[in-house]
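Numbering (the numbering used here), first residue to last: 348 to 573. Glycine included, every Cβ here is placed at the ideal spot set by N, Cα and C.
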Amino acid sequence: MTLLEARNLSYHYTLAKKKIDILKNVNCEINRGDIVFFHGASGAGKSTLMYLLSGLEKPSSGEVLIQGKSINTMSTNTKANMRNHELGFVFQHYGLMPELNVLENVLLPTQMQNKLSTKDAKQRALQLLEQVGLEDRIKHLPKELSGGEQQRVAIARSLVNKPSIIFADEPTGNLDEENSGKIMELLLNLAKQEQVALILITHDTRWLKRGSQCYQVGNHGIHTSN
Ligand SMILES: Nc1ncnc2c1ncn2[C@@H]1O[C@H](COP(=O)(O)OP(=O)(O)OP(=O)(O)O)[C@@H](O)[C@H]1O
Ligand SMILES: [Mg+2]
348 MTLLEARNLS YHYTLAKKKI DILKNVNCEI NRGDIVFFHG ASGAGKSTLM YLLSGLEKPS
408 SGEVLIQGKS INTMSTNTKA NMRNHELGFV FQHYGLMPEL NVLENVLLPT QMQNKLSTKD
468 AKQRALQLLE QVGLEDRIKH LPKELSGGEQ QRVAIARSLV NKPSIIFADE PTGNLDEENS
528 GKIMELLLNL AKQEQVALIL ITHDTRWLKR GSQCYQVGNH GIHTSN
């Protein structure tokens, strides 16, 4: 079964009674373990597309199916549950809770699920923190970490519930060249190891050759670019 399918996805907004199209009739299919890159100009609709694919935003028309189920007809509760179990998110601005330490931040998504026991969740979180090289920093607060380190916490957090898809919107947008490279490698390697599909938005076209699918977002649609 296709992991994620977008069917004729369109999104517009209305400004001063004028309809402004952002995306029109977008179709794509993503399977387990796929590495999917979206790139394109600023304002092209990349983040909007990611919000639609992950159910954070409702399409104007069309639908998104995750594991064969339409997320657009799910109740708010069912959708929140599905998102917590099946999807992981990494954003440009890390999105860590400032008052929680590193380990508590990584454990947060496990507190709203019933896949893992408390003990297994902690073991999984510690194992991921070791893989992202932060095993010595588990008691630190986010403000005591560099940007690259904070993003590594966010990556561990995105994987903790064993999701089937990770959405990453410009995960290296706030980092210098060296840290960007490290974070991208980490994401690509962990996605492969965990057999999770990775949906990545990037401005850096040098990474596209590592994708199993690459799309340029523009002219209200997506266009294969590899
Ligand atoms: N509800 C809304 N009201 C007004 N404008 C909107 C709304 N939703 C999206 N837009 C516009 O849609 C366009 C696409 O935005 P989006 O954030 O998806 O672009 P992007 O490709 O992610 O750009 P960037 O590379 O800068 O992050 C932008 O021009 C944005 O201003
Ligand atoms: Mg964006």
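**Prompt:** Quick one: what's got a C-beta closer than 6 Å to Tyr441's C-beta in the same chain, skipping five residues either side?
**Reply:** Gln497, Gln498 and Ala501
**Message:** I want to know whether the segment 546-566 touches the segment 381-393 - three or more CB-CB distances under 8 Å.
**Reply:** The answer is yes - the segment 381-393 touches the segment 546-566, with three or more Cβ pairs under 8 Å.
**Prompt:** Gly480: buried (16+ other C-beta within 10 angstroms of its C-beta) or exposed?
**Reply:** exposed
**Request:** State the Cα-Cα distance for the pair Lys455 and Glu491, rounded to the nearest angstrom.
**Result:** Here residue 455 turns out to be Leu, not Lys, going by the sequence shown. As the crow flies, the alpha-carbon of Leu455 is around 19 Å from that of Glu491.
**Asked** If you measure from the CB of Ser401, is any heavy atom of ligand 1 nearer than 7 Å?
**Response** Checking the Cβ of Ser401 against ligand 1 gives no.
**Item:** Every unbroken alpha helix (DSSP H) inside the segment 375-406 [4 residues or more]
**Value:** 393-400
**Message:** Quick check on the contact list: which residues have their beta carbon closer than 7 Å to a heavy atom of ligand 2?
**Reply:** Chain-ordered list of matching residues: Lys393, Ser394, Asp516, Glu517 and Ile548.
**Prompt:** Between Ser559, Gly494 and Lys393, which lies nearest to Gly565 when the distance is taken from Cα to Cα?
**Reply:** Lys393
**Endpoints, the beta strand (DSSP E) within which Gly520 is located** = Counting along the chain, Gly520 falls outside any beta strand (DSSP E), and DSSP gives it neither H nor E.
**Prompt:** Hey, does Ala427 have any beta-carbon neighbour from chain D nearer than 8 Å?
**Reply:** The structure shown contains no chain D; it is built from a single protein chain.
**Message:** For a quick check, are the C-beta atoms of Leu399 and Tyr358 less than 8 Å apart?
**Reply:** Yes, the pair counts as a contact, with Cβ atoms nearer than the cut-off.
**Request:** Quick one: residues in its chain with C-beta nearer than 8 Å to the C-beta of Gly568, no 5 flanking neighbours on either side, listed in chain order?
**Result:** Leu370, Lys371, Asn372 and Val373
**Asked** So who's on the other strand from Leu352, going by DSSP bridges?
**Response** A small correction: the amino acid at residue 352 is Glu; Leu does not occupy that position in the sequence shown. According to DSSP, Glu352 bridges with Glu376 and Leu412.
**Spatial neighbours of Met444 in its chain, beta-carbon cut-off 8 Å, leaving aside the 5 residues before and after** = Glu451, Asn452, Leu455 and Pro489
**Asked** Taking 7 Å as the cut-off, is the CB of Val437 close to at least one heavy atom of ligand 1?
**Response** no
**Where Thr457 falls: helix, strand or coil (DSSP)** = helix
**Request:** Less than 8 Å between the CB atoms is what I'm expecting for Leu475 and Val507, so what's the real figure, rounded?
**Result:** 6 Å
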